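Encoded as structure tokens, the structure appears first; notes follow it.
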Amino acid sequence: MNDAGLTVRGLRVSFGGSRGMFGRGGRPAVAAVAGVDLDVAAGEIVAVVGESGSGKTTVARCVVGLVTPDDGTLSYDDVPLGSTRSRPPAIQRAIQMVFQDPRSSLNPRMTAGAIVREAWQAHPAAAPSGDQDAAVRNLLAEVGLDASVAGRRPSALSGGQCQRVSIARALALRPRLLVCDEAVSALDVSVQAQILRLLSDVRRDHGLSMLFISHDLGVVRQIADRVVVMRSGEVVEQAPAEDLFTRPTHPYTRALLDAALDLEGAAS
Amino acid sequence: MSEPLLDVRDLDVFLPTRSGPVHVLDGVSFSVDAARTTGLIGESGSGKTMAAMAIIGLLPAGAVTRGQLWWRSEDLLAVSSRRRRQVRGREIAMIFQDPLASLNPGQTVGRQVTEIPRRDGMGRAELARTATHLLDRVGIPDPAQRTGNYPHQFSGGQRQRAMTALALAGQPQLILADEPTTALDVTVQARILDLLRHLRDTEHTAMLLVSHDLRVMAHVADDLVVMYAGRVCERGPAQAVLREPRHPYTKALVASVPAVRARTAIADPLPGSPADPAHRPAGCAFHPRCPLAVLRCRVERPTVREVAPGRWTACHLAEADGLPDAAEVRP
Amino acid sequence: MTTTSHPVSTSVGHDAATTTPPLPEMRRRSARRVLGWLRFLPHAVIAGYLFLAVVGPLLVDYDPMVTSITDRLLSPGSTTSDGSTAWLGTDGVGRDVLAQIVLGARTSITIAVLTVTVCAVIGIAVGLVAGYVGGWADTVAARLIDVLIAFPGILLAIVIAGLFRPSIAIVVIALSAVGWIGFARVVRGTALSLRERDWVSAARVMAVPRRSILTRHVLPFVAGPVVAMATLEFALVVLAEAGLSFLGIGLPPTAVSWGQTVAAGKEYLEIAWWISTFPGLALALLVVCVGLVGDQLTARYGGKR
């Protein structure tokens with residue numbers, strides 16, 4: 036194995052095509068992703084930004100194997116990535132995901148502890164050798180949660196706590212690439228900063244790389260090393276974060292930046 | 129300054145739950161002036177949406193309300209339900225977060241927009257003209273053609289414009305807008321906010337804008353009311369509040385908004401989560417998360433007081449010259 | 019301005035303004051409590067039926083093959099030749115109607131429980147595969163369901179029951195032939211929406227085995243709608259079984275069934291109304307109560323057909 040990280044080449048996905056009855060009234064397939072090239076090197080945070088319908092979430096779902104692309108190749112450390120089930124266990128563990136809605140990404144009937152342990156049941160190779168309860172407590176502590184959270188169900192947790200459990204579940208498998216799909220968008224502003232802090236700490240401590248999907252340019256500027264701008268399924272620009280924010284080259288990127296609101300300079 | 133258009137005084141709202149009534153709004157007071165946009169900002173559990181619902185009279189069944197809602201010279205909590213319905217939609221209109229859920233998919237936009245004048249008995253030709261004019265006012269291109277379209281033929285931003293046109297149809301003096309741009313893309317959001325500002329400037333309609341997004345507030349609000357756990361913690365002119373917060377919560381909110389045009393570090397996060405009105409901490413509801421909290425904050429509930437002209441805050445430590453630094457307060 | 023004289027005004031509910039402090043709330047609460055108890059009346063009635071079905075045969079001594087010419091068509095409350103009282107009268111061959119109702123409850127409930135169980139098992143299996151696995155499995159299931167729905171269910175049951183030797187098993191099979199469709203549709207719909215839930219996606223990303231995903235992340239959320247569906251189905255099966263026995267198909271003549279008793283009484287409707295009326299009432303009461311409970315469960319779990 037080498038350290039090539041994630042490589043995406045010529046990714047194409049389309050949805051909802053139908054032929055229609057007697058060859059009439061069919062809908063043409065809509066291209067959600069139309070030829071995307073993307074790399075995430077080891078230890079790097081790459082943000083994908085764009086508006087709704089840009090295809091950024093579809094790219095994320097292809098990377099974790101939830102969506103099967105029509106065309107193109109995905110690989111991690113030169114191992115080709117098919118659907119999640121077809122991947123070697125080591126690769127299944129290496130790529131994990133944090134979802135947008137902290138509540139619906141946790142099974143409401145399971146306790147936080149059971150949610151974390153499920154990851155180890157699926158991958159015994161990643162399970163701690165000793166006391167699992169102690170390992171759960173350590174993991175929860177790492178994401179800033181009290182040990183008592185292990186016995187609670189999502190309905191007894193706040194949105195921020197749920198998102199921490201979600202991150203703990205992903206970390207349980209000691210992943211190398213964390214795909215965050217709008218992971219802080221649904222959180223209260225005062226909680227958003229906590230989770231961003233946690234993600235950047237986790238990245239530092241574990242040398243994780245991240246594919247960070249977001250529509251919030253301010254958040255992206257705080258956390259990303261590199262930014263990919265998508266529009267209608269295509270990448271229109273990608274650049275190191277500071278370059279993109281200070282010297283955008285594509286008109287669409289400029290339009291996005293112009294439309295973004297800031298607290299400062301908003302006097303009417 | 130003249131009489132406020134809407135004056136909310138000591139508003140309490142109790143919502144029934146399985147474990148007894150919850151005091152979701154606790155002594156909320158603020159006012160909305162004519163031809164100004166007042167922003168009502170808060171996180172989950174702050175009661176901002178509940179306040180808007182209480183004003184328009186659409187609280188969930190079983191809710192108990194106390195206090196006063198002065199709408200010009202009448203208390204909306206004391207008038208007949210008939211009068212209340214009259215006020216709703218005509219004198220006070222509302223724009224919701226999800227325009228698709230609030231527009232009837234089976235009727236043309238033109239028909240829905242002219243619902244109120246139609247009920248008033250306006251003629252067909254006049255109605256068609258009104259519909260076109262309304263869509264034109266909210267900036268929908270080619271309005272005469274678009275009146276015949278159905279909501280699904282409109283884009284997200286256009287639907288929100290149509291919702292705004294619907295609100296304008298009754299010629300309201302006040303528009304309540306609940307997160308009107310939250311579901312929209314950045315580029316569309318900017319245009320809708322421009323529209324709202326334009327309406328205030330040209331039509332002098334007062335607006336109560338409910339949002340969790342400080343950046344939206346910074347763009348359109350003239351006055352700001354900051355809510356936390358069902359109480360008001362600070363109010364005053366928007367720019368002043370955002371530039372120089374007089375409440376530690378507002379200060380933390382402002383600090384946690386990441387900038388796009390400058391590189392900012394991830395803010396020092398507040399600990400914990402927004403307080404739940406069902407388990408509101410004693411004293412100042414914010415004290416468990418407050419970097420400045422002293423013993424007094426834990427036991428004594430601060431009242432909203434004027435610390436500088438036009439600046440009201442509910443913090444024991446706020447003085448005319450601002451908030452102390454955390455280092456000064458710590459023992 | 020009269021309103022200003024009230025320092026505090028209170029409004030309850032939507033926009034119903036009232037100036038009296040919380041008193042009406044209290045009254046409403048006690049009314050709600052009475053209503054709350056009434057909600058459980060159908061549950062109590064069903065429990066009564068279940069009790070009868072289980073212990074009934076111990077309470078009444080009845081043999082459908084024994085007839086008594088002297089006790090024919092006795093009206094309710096009459097004394098029979100052996101000195102006992104026929105509380106609900108006797109039928110055309112002198113058999114006690116009350117005893118038939120008690121034993122009929124056992125037949126009805128046994129068949130209904132068996133049929134609903136068979137339907138639920140088949141329906142859940144088909145629905146889960148169609149909804150969660152999707153693809154061609156879903157297409158096949160959906161077409162099969164469409165075809166079976168277009169076919170009148172009771173007709174299919176009559177054909178199946180008529181083709182074989184009468185027995186309880188045949189009735190259960192005949193009624194299950196279309197009964198599972200409701201379950202399959204409910205489960206398919208729920209599974210389809212659960213498939214898109216993030217916690218299922220999260221499990222898929224972790225490569226949790228499909229069997230575990232189904233049992234741990236999908237099945238528990240299907241249970242509510244399935245229970246609601248089962249009660250509604252139960253009522254339908256009780257009715258359908260009575261219908262089949264009324265027509266004289268499905269059950270052997272030795273079985274006691276409400277449908278058979280109603281059918282036996284139809285010739286005597288003008289002179290002995292009680293023979294058909296009492297089993298009919300027993301049937302109607304059970305079906306209505308089960309239906310009421312089913313509605314409560316449906317409202318709670320949002321089960322959809």
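Chains as they are written, first to last, in our numbering: chain X, 36 to 303; chain S, 129 to 459; chain Y, 19 to 323.
We put the beta carbon where it would ideally sit given N, CA and C, even for glycine.
Since the structure is predicted, the reported quantities are computational estimates derived from the model, not experimental observations.
Range covered by the alpha helix (DSSP H) that runs through residue i
| i | result |
| --- | --- |
| Ser-180(Y) | The residue you asked about is not Ser; residue 180(Y) is Gly in the sequence shown. Unbroken alpha helix (DSSP H) run through Gly-180(Y): 171-181. |
| Gln-135(X) | Looking at the DSSP string, Gln-135(X) is not in any alpha helix (DSSP H), and its letter there is neither H nor E. |
| Glu-251(Y) | 237-265 |
| Glu-277(X) | 276-281 |
| Met-291(S) | 284-297 |
| Phe-69(Y) | 59-77 |
| Met-178(S) | 176-184 |
| Cys-361(S) | Looking at the DSSP string, Cys-361(S) is not in any alpha helix (DSSP H); the run it does join, the beta strand (DSSP E), is 359-365. |
| Ser-267(X) | Looking at the DSSP string, Ser-267(X) is not in any alpha helix (DSSP H), and its letter there is neither H nor E. |
| Cys-418(S) | It is not in any alpha helix (DSSP H) - Cys-418(S) carries neither H nor E in the DSSP assignment. |
| Ser-225(X) | 224-241 |
| Cys-137(Y) | 115-146 |
| Leu-312(S) | Segment: none, Leu-312(S) is in no alpha helix (DSSP H) and carries neither H nor E. |
Close-in-space but distant-in-sequence residues of the same chain around residue i (CB under 7 Å, 5 per side omitted)
| i | result |
| --- | --- |
| Ser-185(Y) | Pro-270 |
| Ala-446(S) | Arg-374, His-375, Val-435 |
| Thr-5(Y) | No information on residue 5(Y) is available, as it lies outside the stretch 19 to 323 that chain Y covers here. |
| Asp-106(X) | Gly-45, Arg-47 |
| Arg-152(X) | Gln-167, Val-171 |
| Pro-189(X) | Arg-138, Leu-141, Pro-143, Cys-197 |
Beta-carbon gap between residue i and residue j smaller than 8 Å
| i | j | result |
| --- | --- | --- |
| Met-222(S) | Leu-139(S) | no |
| Leu-212(X) | Ala-129(X) | yes |
| Val-78(Y) | Ala-123(Y) | no |
| Ala-295(X) | Val-314(S) | yes |
| Ala-159(Y) | Val-144(Y) | yes |
| Tyr-319(Y) | Gly-200(Y) | no |
| Leu-327(S) | Ile-320(S) | no |
| Leu-208(X) | Ala-161(X) | yes |
| Glu-171(S) | His-340(S) | yes |
| Val-237(S) | Phe-282(S) | yes |
| Ala-246(Y) | Gly-312(Y) | yes |
| Ile-183(S) | Val-354(S) | no |
| Gly-190(S) | Leu-204(S) | no |
| Phe-247(X) | Ile-80(X) | yes |
Supposed close pair residue i, residue j - CB separation, criterion 8 Å
| i | j | result |
| --- | --- | --- |
| Ala-67(X) | Gly-268(X) | 6 Å |
| Thr-166(S) | Ala-349(S) | 7 Å |
| Gln-127(X) | Thr-119(X) | 6 Å |
| Val-136(Y) | Val-190(Y) | 6 Å |
Beta-carbon contacts of residue i that lie in its chain and below 6 Å, excluding the five residues immediately before and after
| i | result |
| --- | --- |
| Thr-441(S) | Glu-362, Arg-374, His-375, Val-435 |
| Val-226(X) | Gly-195 |
| Pro-459(S) | Its pLDDT being 45, under 50, Pro-459(S) is placed unreliably in this model, and the value from its coordinates should be taken loosely. Closer than 6 Å at Cβ, skipping near neighbours: no residue. |
| Phe-252(Y) | Ala-130, Val-134, Val-308 |
| Thr-208(Y) | Val-240, Pro-243 |
| Leu-234(X) | none |
Residue-chain proximity (residue i, chain B), Cβ-Cβ < 8 Å
| i | result |
| --- | --- |
| Arg-318(Y) | Included in the structure are the protein chains X, S and Y, with no chain B among them. |
First and last residue of the uninterrupted beta strand (DSSP E) at residue i
| i | result |
| --- | --- |
| Tyr-33(X) | With chain X covering 36 to 303 only, the question about residue 33(X) has no answer from this structure. |
| His-407(S) | Where His-407(S) is concerned, there is no enclosing beta strand (DSSP E), given that its DSSP letter is neither H nor E. |
| Gly-155(S) | 150-160 |
| Glu-86(X) | Neither: Glu-86(X) is in no beta strand (DSSP E) and is coded neither H nor E. |
| Gln-196(S) | 192-199 |
| Ala-334(S) | 334-339 |
Neighbourhood of residue i by C-beta, 8 Å cutoff - its chain only, sequence neighbours within 5 removed
| i | result |
| --- | --- |
| Glu-285(Y) | Gly-110 |
| Met-129(S) | For Met-129(S), the pLDDT reaches just 49, beneath the cut-off of 50, and the residue's location in the model is therefore unreliable, leaving the point undetermined. |
Exercise. According to a CB-to-CB cut-off of less than 9 Å, which residues of the stretch 250-274 of chain X neighbour chain S?
Worked result: Listed in chain order, the positions of the stretch 250-274 of chain X with a beta carbon within less than 9 Å of a beta carbon of chain S are His-250, Asp-251, Leu-252, Gly-253, Val-254, Val-255, Arg-256, Gln-257, Ile-258.
For this session: Please name the residues in the stretch 382-398 of chain S whose beta-carbon is closer than 9 Å to at least one beta-carbon of chain X, in chain order.
Result: For the stretch 382-398 of chain S, the residues whose beta carbon sits under 9 Å from a beta carbon of chain X are, in order, Val-382, Ala-383, Ser-384, Val-385, Pro-386, Ala-387, Val-388, Arg-389, Ala-390, Arg-391, Thr-392, Ala-393, Ile-394, Ala-395, Asp-396, Pro-397, Leu-398.
Exercise. When Cβ atoms are compared, which residues of the stretch 79-97 of chain X fall closer than 7 Å to chain Y?
Worked result: Identification of residues in the stretch 79-97 of chain X having a C-beta nearer than 7 Å to some C-beta of chain Y yields an empty set.
For this session: Compile a chain-ordered list of the residues in the stretch 155-177 of chain S whose CB is closer than 8 Å to at least one CB of chain X.
Result: If the cut-off is 8 Å between Cβ atoms, the stretch 155-177 of chain S has Glu-171, Ser-172 near chain X.
Problem set entry | Residues of the stretch 172-200 of chain X whose Cβ lies closer than 8 Å to any Cβ of chain Y, in chain order | Nothing from the stretch 172-200 of chain X brings a Cβ to less than 8 Å from some Cβ of chain Y.
Exercise. If you measure beta-carbon to beta-carbon, which residues of the stretch 196-222 of chain Y are closer than 9 Å to chain X?
Worked result: Correct list: Arg-215, Asp-216, Trp-217, Val-218, Ser-219, Ala-220, Ala-221, Arg-222.
Exercise. When you check each C-beta in the stretch 227-242 of chain Y against every C-beta of chain X, which residues fall closer than 9 Å?
Worked result: Shown in chain order are the members of the stretch 227-242 of chain Y whose Cβ falls below 9 Å from a Cβ of chain X: Pro-227, Arg-228, Ser-230, Arg-234, His-235, Pro-238, Phe-239.
For this session: Closer than 7 Å, Cβ to Cβ, to anything on chain S: give me those residues from the stretch 231-247 of chain X, in chain order.
Result: For the stretch 231-247 of chain X, which is checked against every Cβ of chain S, the residues closer than 7 Å are Leu-231, Arg-232, Ser-235.
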